[in-house]
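Undergrad: After the structure tokens below, expect a handful of questions from me.
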Amino acid sequence: MDSILDFLESSRASFLADLAALVNVDCGTYNKAGVDWVGEWIGARCHEWGWEAERLPQTEYGDCWIARLRGDGAGRLMLVGHTDTVYPDGTAAGRPMRFDGPKILGPGTCDMKGGLLVGMYALRALQNTGFRNFSELVFFFNSEEEVGSPVSRPLYSPVVREMDAALVLESARANGDIVSARKGVGEYTLRVKGKAAHAGVEPEKGASAVLELAHRIVALHALNSIAPGVTLNAGVIGGATRPNVVPEEAWVTVDVRAVDPAGAEAISAALAELAARASTVPRTQVEIAGYFGHAPMAKTPAVALLAKWAKEAARDLGFEMGDAATGGASDANAIAGLGVPVLDGLGPVGGLDHSPDEYIEADSLAPRTALLAGSIRGILERREKLAEVR
57 MDSILDFLES
67 SRASFLADLA
77 ALVNVDCGTY
87 NKAGVDWVGE
97 WIGARCHEWG
107 WEAERLPQTE
117 YGDCWIARLR
127 GDGAGRLMLV
137 GHTDTVYPDG
147 TAAGRPMRFD
157 GPKILGPGTC
167 DMKGGLLVGM
177 YALRALQNTG
187 FRNFSELVFF
197 FNSEEEVGSP
207 VSRPLYSPVV
217 REMDAALVLE
227 SARANGDIVS
237 ARKGVGEYTL
247 RVKGKAAHAG
257 VEPEKGASAV
267 LELAHRIVAL
277 HALNSIAPGV
287 TLNAGVIGGA
297 TRPNVVPEEA
307 WVTVDVRAVD
317 PAGAEAISAA
327 LAELAARAST
337 VPRTQVEIAG
347 YFGHAPMAKT
357 PAVALLAKWA
367 KEAARDLGFE
377 MGDAATGGAS
387 DANAIAGLGV
397 PVLDGLGPVG
407 GLDHSPDEYI
417 EADSLAPRTA
427 LLAGSIRGIL
437 ERREKLAEVR
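Numbered continuously in the working numbering, the sequence shown closes out at residue 446.
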């Protein structure tokens, strides 16, 4: 690891300059020009370093990119990161990258310009130290992760299926932990159809969709923990027209999360059963629609082995870290849903994503990049053991 760390320490100034270049540009998901600028910068750097880099043009969103390094061995591994952020135009000029003691602040520092560069510099460090015991290292640059990867997912899915493992470069937890499990995320909308009437003159001729919806929301929240780790939140409601009209329509959109496929199946079935129940308010009808857009990323035996090896790599670098489960989703969920062993949280240590205080810890950049490089090497050198538990 010493040669990798030496390379990374000598590259600190260029890393920080690159970070400033990527942070100080507006690249919200729907700013195609900004996201394309980031992608073009990445493509140019990949070519400069002797990697293959292919642009995957898009229309509504920024273009995706895929980079490849060829080796002399047999293993294949993919890194995944995203080039978009959540911030509106003008944010980069209003609060460009700056240092605040041990922290580096700026839009997208943590989510996830820091992670992109950790990935690129980790591959560069392996390249610089002559590591070639792999068939192919692939880096997929997603352009619209912040809205669920609608175009990227179909692009990277057939590629990642062929990999021994994948590593996603969202930031580490604030305590340094990597991520070995993520809840699956579903969204469902329950709609109630009633009958409108004048609320003052002849309310008996109406059937209140809002009242029926109120009963259903109470029943929805009773489904929390119907299976271990299942959570449900009735987050947005709507319907009705005026106070003096018995409401004809009402709806609620529900966020649903599950730690494993069994939980996702259990809550999906329970929601269908709830919608099919007889109405409490006569003459109202209920229907529900939705699905799990992000599969659960469970800590399978293969993922547990990846986490074990990553923690060994950290120990070789002189620090300890754990692995954690989280309720949020990322591209790791989709990769896990394809049956590919995946770890997440391999970017720098940071936090407060999507806020004016978003940051990464400056002193985490070299160690976390070395950790990623060591993890890549360790996985590829022990790929047969990984195959035994997949």
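We treat Cβ as the ideally placed atom computed from N, Cα and C, and that holds for glycine.
In whole angstroms, what is the alpha-carbon distance linking Glu304 and Ala370?
TA: C-alpha separation (whole angstroms): 60 angstroms.
Undergrad: Taking three-plus beta-carbon pairs below 8 angstroms as touching, is the segment 195-207 in contact with the segment 81-93?
TA: Result yes; three or more Cβ-Cβ pairs closer than 8 angstroms.
Undergrad: Residue range of the alpha helix (DSSP H) that Asn389 falls in?
TA: Run containing Asn389: 387-393, per the alpha helix (DSSP H) assignment.
Undergrad: When the Cα atoms are used, what is the spatial distance from Asp311 to Gly262?
TA: Going by the C-alpha atoms only, they are around 30 angstroms apart.
Undergrad: In terms of residues, what are the limits of the alpha helix (DSSP H) holding Gly99?
TA: Looking at the DSSP string, the run of the alpha helix (DSSP H) that includes Gly99 is 88-104.
Undergrad: Counting pairs of Cβ atoms below 8 angstroms between the segment 111-130 and the segment 384-399, do you hit three or more?
TA: With the cut-off at 8 angstroms, the segment 111-130 and the segment 384-399 do not touch.
Undergrad: For Asp82, does the count of other Cβ atoms within 10 angstroms reach 16, so buried, or fall short, so exposed?
TA: Counting Cβ neighbours within 10 Å, Asp82 comes out buried, since at least 16 surround it.
Undergrad: Glu260: which of Arg339, Thr297, Gly150, Ala237 sits nearest, CA to CA?
TA: The candidate whose alpha carbon is nearest that of Glu260 is Arg339.
Undergrad: Please check if any C-beta of chain D sits within less than 7 angstroms of the C-beta of Leu279.
TA: Looking for chain D here will not work: only one protein chain is present.
Undergrad: I'd like to know whether the C-beta atoms of Ala237 and Ala381 end up nearer to each other than 7 angstroms.
TA: A contact, by the Cβ cut-off of 7 angstroms.
Undergrad: List the endpoints of the continuous alpha helix (DSSP H) containing Val266.
TA: Here the alpha helix (DSSP H) through Val266 covers 265-277.
Undergrad: With H, G and I counted as helix, E and B as strand and the rest as coil, what does DSSP make of Met353?
TA: DSSP places Met353 in strand when its eight states are reduced to three.
Undergrad: By Cβ distance, which residues of its chain are closer than 7 angstroms to Ala331, with the 5 residues on each side in sequence left out?
TA: Cβ neighbours of Ala331 beyond the five flanking positions: Leu246, Val342, Glu343, Ile344.
Undergrad: Per DSSP, which residues does Trp307 bridge with? Please list them.
TA: According to DSSP, which records beta bridges pairwise, Trp307 is partnered with Arg247, Gly294.
Undergrad: Spell out the partners DSSP gives Trp121 in its beta bridges.
TA: DSSP, once it has assigned bridges, lists Arg111, Phe197 as partnering Trp121.
Undergrad: Does DSSP put Tyr415 in a helix, in a strand, or in coil?
TA: Tyr415: strand per DSSP, three-state reduction.
Undergrad: Give me the DSSP bridge partner(s) of Ile234.
TA: BP columns for Ile234 point to Asp379.
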